[in-house]
Structure formats: C-alpha cells, structure tokens
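K.L.:
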Ligand code: COA
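Residue numbers (the numbering used here): 54 to 408.
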C-alpha cells in the first residue's frame, strides 16, 4: 500500500533570545510566574525588517529539502501553516515559494489557518495528496513571527509571555515500505468557543458574533454605509488588534482533547498507549504536556518538550520539536511517533507515524 512518510525535516529559530527577565523590563510579570505556570524560560524573536514568517519558513524548508534528498525544484506542492502571516493576503505560501526561488515551477501553494493544530492539519492534507499519487514531494511548513503582533504592555501579558517565533518544515514523500510512514491523522474542530482564543481584528465580523459570545464590544464603527468595519482608529487606540485568550478555559479543554484525539488515532491504527515510543505534543504549556504524559503513562524520555527554550511557536512548534528529537537520536527508524495539538478554533488533531 502506498503511504506517505516524512522524508526530510528541518527547523529554524531566530538568533535573538528573549528571557523572562527581559520581558519584566516592559511589563509587569516575573520569571517565577511564567516558569511556574507555563514552563517557559525564554523564547526567540525574529529580527524586525530582516526576518518574516515566510523567510523563517524558507530557512527551515531548505534544510528539510536537502535532508529529503531532492532539489528544491522537485517540490511539487507547498502547504504553509501560520497565524502570523507576512500579509493578510496573499498567503505566506507564495512568499515562501518566491524566497526559495522556485516560482518558475509554478507549483500550487496552499495556506492553512488552523493555528496550533496547523501542522497536523497540513500533514493530513500532504498525506492525502501523496497517498493518492497526486504529488511526490509536498513541502509542509509551519512558521510564526508572533513577536510582531503582540501587546508588549502589562495589558497583554497573559498572552505575550507565552509566544515565540520560529519555523519548522517537512517534505512528505511516498513510501512503499511495509512498516513505515504516516499511519493515521485525526482532525477535529468545534467553533462554539471561537472567540476564547482569537485575534479578531482586522476582520469582517462587524460585531456580528456578539449573538454567540453574548458580549457587546464597542469597536467604534461609524454610521457610514461602507468601510471602517475591518480596521479603524478606535480599534488601534483601544488595543483591539491583539490576540486575546481565556487561559483557564483553553487549558481545561486542551487537557481533555489531547488524550481523546490520541486515543482515537491509536484505536484506529489498532495500537495501544504502550506502543508509543515518542510523543511530540504541540508546545502550549509544560503543564499540559505533563498532564498528557501522565494520561498516556509515558516516561519523561518518551515526551519531547522544548517550550522552555522557545515558548509556544504555534504552527511551528511540532516540526521544531520533532526535528530536535530526530537530531538528538531520540526518534529512530521503526519508532512509533505520536503528534498531537489543540488550539484556537477550537481545532485539534493527532498523527501517528511509524518512523
Ligand atoms: N505575569 C504575571 N501575572 C500574570 C501574567 C503574567 N504574564 N498573566 C496573567 N497574570 C495574572 C492575571 O492577571 C491573574 O491575576 P489576578 O489573579 O490578580 O486576576 C493571575 O495572573 C492568574 O491568571 P490566570 O489567567 O488565571 O492564570 P493561569 O493559572 O490560568 O495561567 C496561562 C495562565 C495562560 C499560563 C494558562 O491558563 C494556560 O497556559 N492556558 C492554556 C493556554 C494555551 O495553551 N494557549 C495556547 C493554546 S494552543
């Protein structure tokens, strides 16, 4: 049976390290609070005017392409997952294509918006394209430059301290080997609580969703027939252009959905918890990872965590962590690797890979 496998993997994190103590210089927070609640010690920030989400993605992609043993011109489809794109539109996929210098190949480029589960969604899409024989070298990139869009005042501290910049990439290729490749991917969503973790302006909502949230917010719209819905001065003046998150609400659902979606994948693949060799969870919070680890009965060396160094890099977190685990020799040929993520939407998913 034709399956897909991860044929090459790479990651890139910007050089600039920002510690918790660095953040205390611009907002009322502390190293102790951040470490205790999240496990994060430091994160990386891209260099303004020099790096972007797509350029960081391209650096990770170059490594993944080389390790996949192909030329970049042989990539036949691009999937780009991010919530912090270079532009509102066009998506970052075409910018990555340009940065890689492969515009002449005129391959398709797809942007996906599934936040923290963006990489798993992308992997599932890549898997389908490869299994059907449509493409042979799908380049999947997850990249974020959060540092350009966060509120660096005390008002935004609950969100800002968590996020960091970085990129990860894989090349998904066909394999006919009996015991190798992506065994299954599971994807889910529930939009009921879409605004609990969201970045809603600029957007076309015009306050419409208050009927779902029950929360009327003054966005400063005028009575003009057209315009000023998407973005206006009031939103800028009132800090309505930053992400917002109800942390405890997100936490409670995350610890429920992570184990659920992993068990679903194991059951479909006819496997059990004890069969997992390495778990690479989306790096949302060390406490969430520890909870999932306990639920699955895994040892410390069977769960790859790097949130301490990079914070939450959203769509990039799984490929960065997976790449580190592979480079460290913690994932070997034949190992059962489990990926899982939960995030804004809410969307969540899992993947089981026989490495
Ligand atoms: N530094 C210091 N104090 C902070 C702070 C910060 N960076 N951020 C918030 N606080 C304060 C709050 O204002 C609050 O103060 P109060 O008690 O005086 O009102 C207090 O700390 C507790 O805030 P709370 O939000 O209840 O903390 P928490 O224990 O829930 O931890 C998170 C916050 C965000 C770390 C935690 O909820 C979490 O990780 N949730 C999941 C988030 C997540 O995974 N998001 C990504 C999804 S992929």
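Ideal Cβ placement from N, Cα and C applies to all residues, glycine included. Quantities reported herein were computed from a predicted structural model and do not represent experimental measurements.
Could you give the DSSP three-state label for residue 167: helix, strand or coil?
P.N.:
Here residue 167 refers to the residue found at position 114 of the chain shown. It is coil, neither helix nor strand.
K.L.:
In the structure shown, what three-state DSSP assignment does residue 397 receive?
P.N.:
To locate residue 397, count along the chain shown from 1; it is residue 344. DSSP places residue 397 in coil when its eight states are reduced to three.
K.L.:
So does residue 113 have its beta carbon nearer than 8 Å to some heavy atom of ligand 1?
P.N.:
For this step, residue 113 is matched to residue 60 along the chain shown. The answer is no for residue 113.
K.L.:
Among 173, 276 and 63, which has the Cα closest to the Cα of residue 401?
P.N.:
By 1-based counting over the chain shown, the position of residue 401 is 348. For residue 401, the nearest C-alpha among the options comes from 173.
K.L.:
Going by DSSP, what residues sit across from residue 334 in a beta bridge?
P.N.:
Taking the first residue of the chain shown as 1, we reach residue 334 at position 281. According to DSSP, which records beta bridges pairwise, residue 334 is partnered with 393.
K.L.:
Report yes if the CB atom of residue 266 is closer than 9 Å to the CB atom of residue 248, and no otherwise.
P.N.:
Counting from 1 along the chain shown, the entry for residue 266 is found at position 213. Counting from 1 along the chain shown, the entry for residue 248 is found at position 195. Yes, they are a contact pair.
K.L.:
In terms of residues, what are the limits of the beta strand (DSSP E) holding residue 227?
P.N.:
Position 174 of the chain shown, counting from 1, holds the residue named residue 227. Counting along the chain, the beta strand (DSSP E) containing residue 227 begins and ends at 219-228.
K.L.:
Need the endpoints of the alpha helix (DSSP H) that residue 373 sits in, please.
P.N.:
Numbered from its first residue, the chain shown carries residue 373 at position 320. Looking at the DSSP string, the run of the alpha helix (DSSP H) that includes residue 373 is 370-380.
K.L.:
Whole angstroms are fine: how far does the CA of residue 58 sit from the CA of residue 383?
P.N.:
As a working note, residue 383 is residue 330 in the chain shown. As a working note, residue 58 is residue 5 in the chain shown. When rounded, the distance between both Cα atoms is 18 Å.
K.L.:
Are residue 66 and residue 202 close, meaning C-beta to C-beta below 9 Å?
P.N.:
Along the chain shown, one-based indexing puts residue 66 at 13. Along the chain shown, one-based indexing puts residue 202 at 149. Cβ atoms of residue 66 and residue 202: not closer than 9 Å.
K.L.:
Can you tell me the Cα-Cα spacing of residue 278 and residue 286, whole angstroms?
P.N.:
Here residue 278 is taken as the residue at index 225 of the chain shown, counted from 1. Here residue 286 is taken as the residue at index 233 of the chain shown, counted from 1. Cα to Cα, residue 278 sits roughly 17 Å from residue 286.
K.L.:
Closer than 8 Å: is that where the CB of residue 304 sits relative to any heavy atom of ligand 1?
P.N.:
Locating residue 304 in the chain shown gives position 251, counting from the first residue. Yes, the beta carbon of residue 304 sits closer than 8 Å to at least one heavy atom of ligand 1.
K.L.:
Could you check what DSSP says for residue 297 in three-state terms: helix, strand or coil?
P.N.:
Mapped onto the chain shown, residue 297 falls at position 244. The answer is strand: DSSP assigns residue 297 an E or B state.
K.L.:
Pull up the distance between the alpha-carbon of residue 185 and that of residue 348, whole angstroms please.
P.N.:
On the chain shown, position 132 is the one that residue 185 refers to. On the chain shown, position 295 is the one that residue 348 refers to. The alpha-carbon atoms of residue 185 and residue 348 are separated by roughly 35 Å.
K.L.:
Can you say whether residue 372 is buried or exposed, counting buried as having 16 or more other CB atoms within 10 angstroms of its CB?
P.N.:
Start at 1 with the first residue of the chain shown, and residue 372 comes out as number 319. Residue 372 is buried by the Cβ-count criterion.
K.L.:
Does the segment 299-314 come into contact with the segment 336-353, if we say contact requires no fewer than three beta-carbon pairs (one atom in each stretch) closer than 8 Å?
P.N.:
Yes: the two stretches touch, three or more of their Cβ pairs being nearer than 8 Å.
K.L.:
Alpha carbon to alpha carbon, how far is residue 295 from residue 276? Give it in angstroms, no decimals.
P.N.:
For this step, residue 276 is matched to residue 223 along the chain shown. For this step, residue 295 is matched to residue 242 along the chain shown. Each residue's Cα considered, the two are about 25 Å apart.
K.L.:
So is residue 352 buried or exposed if we call it buried at 16+ other beta carbons inside 10 Å?
P.N.:
The residue given as residue 352 occupies position 299 in the chain shown. Result: exposed.
K.L.:
Count the other CB atoms within 10 Å of the CB of residue 122; is the residue buried (16 or more) or exposed (fewer)?
P.N.:
The sequence position of residue 122 within the chain shown is 69, counting from 1. So residue 122 ends up on the exposed side.
K.L.:
Candidates 157, 169 and 142: which alpha carbon is nearest residue 163's?
P.N.:
Taking the first residue of the chain shown as 1, we reach residue 163 at position 110. Here the closest residue by C-alpha is 142.
K.L.:
According to DSSP, is residue 142 part of a helix, a strand, or is it coil?
P.N.:
Taking the first residue of the chain shown as position 1, residue 142 is located at position 89. Here residue 142 sits in coil by DSSP.
K.L.:
Taking contact to mean 3 or more Cβ pairs, one atom from each stretch, closer than 8 Å, check whether the segment 227-241 and the segment 256-275 are in contact.
P.N.:
No, the segment 227-241 is not in contact with the segment 256-275.
K.L.:
Give me, in chain order, the residues of the same chain whose beta-carbon lies closer than 6 Å to that of residue 361; leave out the 5 immediate sequence neighbours on both sides.
P.N.:
Translated into the one-based positions of the chain shown, residue 361 becomes position 308. For residue 361, where only same-chain residues beyond five positions count, the Cβ hits under 6 Å are 92 and 94.
K.L.:
Please confirm if the segment 128-139 is in contact with the segment 326-336, defined as three or more CB-CB distances below 8 Å between the two stretches.
P.N.:
Touching, no.
K.L.:
Going along the chain, which unbroken runs of the alpha helix (DSSP H) with 4 or more residues stay wholly within the segment 257-311?
P.N.:
Here the runs fully enclosed are 263-266 and 286-290.
K.L.:
Can you find a heavy atom of ligand 1 that lies under 8 Å from the Cβ of residue 338?
P.N.:
Locating residue 338 in the chain shown gives position 285, where the first residue counts as 1. Under cutoff, so the answer is yes.
K.L.:
Within a Cβ cutoff of 6 Å, which residues of the same chain sit near residue 228, ignoring the five residues on either side of it in sequence?
P.N.:
Numbered from its first residue, the chain shown carries residue 228 at position 175. Correct list, in chain order: 56, 58 and 234.
K.L.:
What is the C-beta distance between residue 152 and residue 111, in whole angstroms, given that I count them as a contact (C-beta under 8 Å)?
P.N.:
As a position in the chain shown, residue 152 is number 99, starting the count at 1. As a position in the chain shown, residue 111 is number 58, starting the count at 1. Indeed, because the Cβ distance is near 4 Å, the residues count as touching under 8 Å.
K.L.:
Determine, using beta carbons only, whether residue 204 and residue 212 come nearer to each other than 9 Å.
P.N.:
Start at 1 with the first residue of the chain shown, and residue 204 comes out as number 151. Start at 1 with the first residue of the chain shown, and residue 212 comes out as number 159. Going by C-beta atoms, residue 204 is nearer than 9 Å to residue 212.
K.L.:
First and last residue of the alpha helix (DSSP H) that includes residue 363?
P.N.:
Residue 363 sits at position 310 when you count from the first residue of the chain shown. Its alpha helix (DSSP H) spans residues 360-363.
K.L.:
Buried or exposed for residue 180, going by 16 or more other Cβ atoms inside 10 Å?
P.N.:
Taking the chain shown and counting its residues from 1, the one referred to as residue 180 is at position 127. Its Cβ being crowded by 16 or more others within 10 Å, residue 180 is buried.
K.L.:
Would you identify the three-state DSSP class for residue 341, choosing helix, strand or coil?
P.N.:
Here residue 341 refers to the residue found at position 288 of the chain shown. Three-state result, residue 341: helix.
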